[in-house]
Each structure stands twice: as structure tokens, then as C-alpha cells.
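Student: Quick note on this note's numbering: the sequence shown kicks off at 112 and runs consecutively.
The C-beta atom is built at its ideal place from N, Cα and C for all residues, glycine as well.
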Amino acid sequence: MSTANKILKGFEQYINAKYTSQNTKRAYLKDVDEFLKLANGFGLEDVQKFMQVLFNKGLKPASIIRKLASLSVFFEYLKENGLIDKNYAKLIDKPKNSKKLPKFLDVDETIALLESVKDKRDRAILELLYSSSLRASELLGLDVEDVDFKNLRVKVKRKGGSIVYVPFSERAKRFLVDYIGARNSGPIFLNKYGKRLSDRYLRKLVKIYSVKSIFKDISPHTLRHTKATHLLNSGMDIRLLQKFLGHSSIKATQIYTHVNLKQLAETYDNTHPLAKDE
């Protein structure tokens, strides 16, 4: 086995211990493997060369930023193992990226979507996704043992491997109890073969229900954005929202204040007596 393959194998073990999302882990490995095939070492020049190759390929700023994030995790692994003394991926200037505001549903759309779901499992999924503002990987990784019905909270493994308890509503509890029934162990959400539900199927499920009920193509993450926006609109302190969402930086949470202001501006424009010509 070559040195590069040994390092990549070690990195795979490193991210397996830190992350739960299979999509995230696959992306990290793919990006790092691409870097290792081009680089002669792990210095600043190697990162710069990699970035230049990506620019020459015509990749969008968002894609380059994502690959740079993968390299940053890889360089942290190298640093922890004494192979480098600095995370050179953090020293590179990131390309400018116009950040899109997250999509979200208004309250009426959210109610219409949830009320349209009659299947026990699927209703429990959408109710919990919205109620606890969970990421898809967090929801799919849940076991029955992780649900604390008495205290209305669920044990979740966040990005980076931290374990937190996230609250859910009495409404979500009702549908979870109805779906789980007498089961006391194993994955909460099962496919027709009795196995843990996959990420691909979850996304397909959410899309089908949203298109049929509110004529919108949304993802599980849209429900996370929706809950966050609704909480902020209801007056939740942004620091509490940051903790609820599991954001390591307040900057990630602040985007919802922009959503809030955008919504306010649109409401003003639509209702102002001079907004439309007679």
C-alpha cells in the first residue's frame, strides 16, 4: 500500500469516528483523494496548486469552498498525527460566494404539508423533522432508545460526534408513539424490509408529499430551515436558536435574521398602499 493510500485509509477511520452522514464522509474522501493525486506534499504551495486546478476546471465558488472545507478537516487529521504543524487549508483565501438565503415554508404551507400525510411512519418522520429541526442524517441515525418520551427530548449525534438532547413537541410525540408502538430498540424509522431508512428514500419521500400537497419541491433540510425561521419569527433569542440548531458559530445562525428581514420587506411591499399602481 502506497503512503498516500495509507494516509487516506487513516483519514477514513478519522472521519468515521467524527461524522455520521454517509454523504459527508464520501465527499470528504473524494475531495482528499483528488488532492492527494495532485499534491507532492502537504504544504501551502500544494493547497494553492489544488485550488488553481479547481479554478481551471471552471468549478463554481461554492464547490471550491466545499472542497477547501474537506481539506481543512484532512489537515486537522494530519496535524493531530504530527504530520504537519499548521492547517494550511485555513490560510488560503476563499473565493467569493454569494450566499443564497435558505428556503422555508410559511406556517400555512407547513400545516398543509403535515396534514396531508396519512401514513403513520411518514407522518412521524415529517413531524419530528420539523419539530426538532433535525438534519436528515441525525433523524436517520436515531434509535428507539434515543427517544425520551417523558421529557420530550431525543438524543442526537451532531456533526463532529457530540451528543446532545433536542426537544420535540407533544404533537410530534403523539405521532411517534403511534408509529413506534411496542418496539423498544433498534432504528426508529424502518423501510419495508425492516432495515434503517436510507437518506435517498427520505429525500424522495419528502419531495413526493410536498409536491402533492403544496406544489413545492423541498428537501428534509427545508423543514429544518422552516422551523428555525418560525422560531426566530416567534421571538426566540438567536443564541438559543444557535444552540437548538447545533451551530458551532453564530454566523451560521445569523442567516435566519436575513430571512426574517427579507420576509418583513416582502410583506411591507405587498401590503403598502403605494406598493402597486392603481
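Which ranges does the alpha helix (DSSP H) cover as unbroken runs of at least 4 residues, wholly within the stretch 282-367, from first to last along the chain?
Tutor: Here the runs fully enclosed are 310-325, 331-344, 349-356.
Student: Per DSSP, which residues does Y276 bridge with? Please list them.
Tutor: BP columns for Y276 point to K266.
Student: Let me know the secondary structure DSSP gives D157 once reduced to three states.
Tutor: It is helical.
Student: Excluding sequence positions up to five away, which residues of its chain have a Cβ less than 7 Å from the Cβ of E187?
Tutor: Once the five neighbours on either side are set aside, the close Cβ partners of E187 are N198.
Student: For D259, which of helix, strand or coil comes out of DSSP?
Tutor: D259 falls in the strand class under three-state DSSP.
Student: Which residues share a DSSP beta bridge with G254?
Tutor: Just to set this straight, residue 254 is Asp in the shown sequence, not Gly. DSSP, once it has assigned bridges, lists P298 as partnering D254.
Student: Please classify R246: is it buried, with 16 or more other beta-carbons within 10 angstroms of its beta-carbon, or exposed?
Tutor: So R246 counts as buried.
Student: Closest to D144 by CA distance: which of N262, S324, E123, G154 is it?
Tutor: Cα-wise, what sits closest to D144 is E123.
Student: Rounded to the nearest angstrom, how far is the Cβ of L225 from that of L237, given a contact under 8 Å?
Tutor: Confirmed, Cβ separation roughly 6 Å.
Student: Residues in its own chain within less than 7 Å of F146 by CB, not counting five upstream and five downstream?
Tutor: So the qualifying residues of the chain are F161, L182.
Student: For Q159, tell me which candidate among T135, I203, A180, K129 has the shortest Cα-Cα distance.
Tutor: Minimum Cα distance to Q159 is reached at I203.
Student: Could you check which residue in L140, S132, K318 has the C-alpha nearest to that of I329?
Tutor: When each option's Cα is compared against that of I329, the closest is K318.
Student: What is the DSSP secondary structure of L224, reduced to helix, strand or coil?
Tutor: Helix, per DSSP.
Student: In angstroms with no decimal places, state the Cα-to-Cα distance between Y139 and K178.
Tutor: Rounded to the nearest angstrom, the two C-alpha atoms are 8 Å apart.
Student: Go ahead and label F260 buried or exposed: buried means 16 or more other beta carbons lie within 10 angstroms of its beta carbon, across all protein chains shown.
Tutor: That one is exposed.
Student: Can you find a C-beta in chain D that's less than 7 Å from the C-beta of D348?
Tutor: Of the protein chains in this structure there is only one, and it is not chain D.
Student: Do you know whose CA, among L287, V275, F215, I325, lies nearest N344's CA?
Tutor: Taking only the C-alpha atoms, the option nearest N344 is F215.
Student: Going by beta-carbon coordinates alone, are G357 and R294 separated by less than 7 Å?
Tutor: Against a cut-off of 7 Å, the Cβ pair of R294 and G357 comes out as no contact.
Student: Distance check for G152 and S394, CA to CA, integer angstroms please.
Tutor: No answer is possible for residue 394: the residues shown for the chain start at 112 and end at 389.
Student: Excluding sequence positions up to five away, which residues of its chain have a Cβ less than 6 Å from the Cβ of E249?
Tutor: Answer for E249: V267, listed in chain order.
Student: Could you give the C-beta distance for L287 and V322, rounded to a whole number, given that I count them as a contact under 8 Å?
Tutor: Contact doesn't hold; Cβ gap of about 25 Å is too wide.
Student: Quick check: what's the CA-CA separation for F279 versus D196?
Tutor: Those two C-alpha atoms are separated by around 43 Å.
Student: Cβ atoms of K205 and I176: under 7 Å apart, would you say?
Tutor: Going by C-beta atoms, I176 is nearer than 7 Å to K205.
Student: Does the Cβ of D233 have 16 or more other Cβ atoms within 10 Å, making it buried, or fewer, making it exposed?
Tutor: With 16 or more other Cβ atoms within 10 Å, it is buried.
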